[in-house]
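Just so you know, the sequences run in chain order A and B. Numbering-wise (this note's numbering), the first sequence opens with residue 1 and increments by one. Numbering-wise (this note's numbering), the second sequence opens with residue 202 and increments by one. Worksheet: one structure, shown below.
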Amino acid sequence: MPTELLVFYVLAAGVVLSTAAMLLPPMGRNPIHSAIALIVSFFFLAGIYALLSAHLLAAVQIIVYAGAVMVLFTFVIMLLNLTPDQIREPRITATTLIGSGLGLFVFGKLLSALALASNGAKSVDLNDGTHATFGSVTEVGRMLYTTFLVPFELVSVLLLVAAVGAVVLAKRSLKYKDRPKKEAPAAHAVAATDHDTHAAH
Amino acid sequence: MTAIPLGHLLGLAAILFTMGLVGVLTRRNLLLILMSIEVMLNAVNLTFVAFSRYNGWTEGHVLAFFLIAIAAAEAAVGLALVLSVFRLKNATYVDELRLLKR
């Protein structure tokens, strides 16, 4: 067995096991343990990306997913400050059985599509298109700033909108009714400054 | 040349996607549901990377890059929603959310 394939099997087993640990009770009971299992899974997946010579994506996977998204998750879990009685034991209900059945059905469909697709393409060797700089920062970056320039800028707008939306959604006071009653002068001042800014515009 | 068959990679992606889907459908904790969605997005990313490796196209990497950005945006908004739901109901379980049911 070639070394590359062996490494792939080890990494794939790591991905599957850590994702299973995220979902299933021993670790999946507590959200923070699930988050840690998911971070481990992302590291294994980054290893698979590196094996497929997607060097930039392997780095981005670790920096953005394990470094930013999952830190956000752990921060929110700590911010919620869940007590043990707010964490429920996952039970097996009718929903669990129906959901698992649907999931297995989709899995079967995916596998049958995979078998169908790999039937015809068995003899085709597709490995010739790669070269030394494939997946490097230079090459992906060049494509990002030429062919995909407009989507790239749109994604930056999307991230800005998501950041603003997250701040607005997570703001503490969303009740407008309480504000004028409690601090009428402050509300008046805010209205006045609002009016001023409008006048300035 | 790579020694890993494409089918193995796609099979791993299918397994990951199914795990994410089952997680979304069966777990009742909002945080676990969001994490399962991340797992599903990662499975799609893996198919992008696998196909671009086997066809020698860099476009797949760029699309995977965009998908990571979208996943980050989704996580930010989703977690903000979890926070506001937690303030409203003091719980992170989806079956507590029945404001429309009397």
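Just so you know, even glycine gets a beta-carbon here, dropped at the ideal spot from N, CA and C.
Just the Cα atoms here: how many angstroms apart are residue i and residue j?
| i | j | result |
| --- | --- | --- |
| residue 268(B) | residue 152(A) | 11 angstroms |
| residue 240(B) | residue 212(B) | 15 angstroms |
| residue 157(A) | residue 59(A) | 23 angstroms |
| residue 141(A) | residue 162(A) | 24 angstroms |
| residue 43(A) | residue 285(B) | 30 angstroms |
| residue 202(A) | residue 2(A) | Look at the range of chain A in this structure, 1 to 201, and you will see that residue 202(A) is not part of it. |
| residue 295(B) | residue 229(B) | 6 angstroms |
| residue 7(A) | residue 79(A) | 38 angstroms |
| residue 217(B) | residue 282(B) | 25 angstroms |
| residue 66(A) | residue 210(B) | 21 angstroms |
| residue 274(B) | residue 24(A) | 26 angstroms |
| residue 272(B) | residue 116(A) | 30 angstroms |
| residue 247(B) | residue 105(A) | 21 angstroms |
| residue 62(A) | residue 302(B) | 42 angstroms |
| residue 261(B) | residue 118(A) | 19 angstroms |
| residue 4(A) | residue 300(B) | 53 angstroms |
| residue 170(A) | residue 234(B) | 19 angstroms |
Tell whether a beta-carbon distance below 9 angstroms holds between residue i and residue j.
| i | j | result |
| --- | --- | --- |
| residue 73(A) | residue 38(A) | yes |
| residue 54(A) | residue 250(B) | yes |
| residue 245(B) | residue 214(B) | yes |
| residue 15(A) | residue 45(A) | yes |
| residue 298(B) | residue 31(A) | no |
| residue 227(B) | residue 96(A) | yes |
| residue 278(B) | residue 166(A) | yes |
If you drop the 5 nearest sequence neighbours on each side, which residues of the same chain put their C-beta closer than 6 angstroms to that of residue i?
| i | result |
| --- | --- |
| residue 33(A) | 27 |
| residue 237(B) | 221, 224 and 225 |
Grab me the residues of residue i's own chain with a C-beta within less than 7 angstroms of its C-beta, minus the 5 sequence neighbours each way, in chain order.
| i | result |
| --- | --- |
| residue 287(B) | 293 |
| residue 47(A) | 11 |
Could you spell out where the alpha helix (DSSP H) holding residue i opens and where it closes?
| i | result |
| --- | --- |
| residue 254(B) | 231-256 |
| residue 18(A) | 3-23 |
| residue 171(A) | First-last for residue 171(A): undefined, no H or E at that position. |
| residue 32(A) | 31-51 |
For residue i, which residues of its own chain have a beta-carbon under 8 angstroms away from its beta-carbon, when the five flanking residues on both sides are left out?
| i | result |
| --- | --- |
| residue 50(A) | 58 |
| residue 144(A) | 152 |
| residue 136(A) | 55 and 56 |
In chain C, which residues lie less than 7 angstroms from residue i when you measure between Cβ atoms?
| i | result |
| --- | --- |
| residue 31(A) | No chain C is present in this structure, whose protein chains are A and B. |
Exercise. In chain order, what residues of the stretch 258-275 of chain B put their CB closer than 8 angstroms to some CB of chain A?
Worked result: 258, 259, 260, 262, 263, 265, 266, 267, 269, 270, 271, 272, 273, 274 and 275
For this session: Could you run through the stretch 44-59 of chain A and flag, in chain order, every residue whose CB is less than 8 angstroms away from some CB of chain B?
Result: 45, 48, 49, 51, 52, 53, 54, 56 and 57
For this session: Closer than 7 angstroms, Cβ to Cβ, to anything on chain B: give me those residues from the stretch 90-122 of chain A, in chain order.
Result: 90, 95, 96, 99, 100, 102, 103, 106, 107, 110, 111, 114 and 118
For this session: Select from the stretch 7-23 of chain A all residues with a C-beta closer than 8 angstroms to any C-beta belonging to chain B, and list them in chain order.
Result: 8, 12, 15, 16, 19, 20, 22 and 23
Exercise. What residues from the stretch 208-226 of chain B come within 9 angstroms of chain A, judged by C-beta to C-beta, listed N to C?
Worked result: 208, 209, 210, 211, 212, 213, 214, 215, 216, 217, 218, 219, 220, 221, 222, 223, 224, 225 and 226
For this session: Output, in sequence order along the chain, the residues in the stretch 64-78 of chain A whose CB is closer than 8 angstroms to any CB in chain B.
Result: 64, 65, 68, 69, 72, 73, 76 and 77
Exercise. Relative to chain B, which residues along the stretch 157-171 of chain A have a C-beta separation below 9 angstroms, given in chain order?
Worked result: 158, 159, 161, 162, 163, 165, 166, 167, 168, 169, 170 and 171
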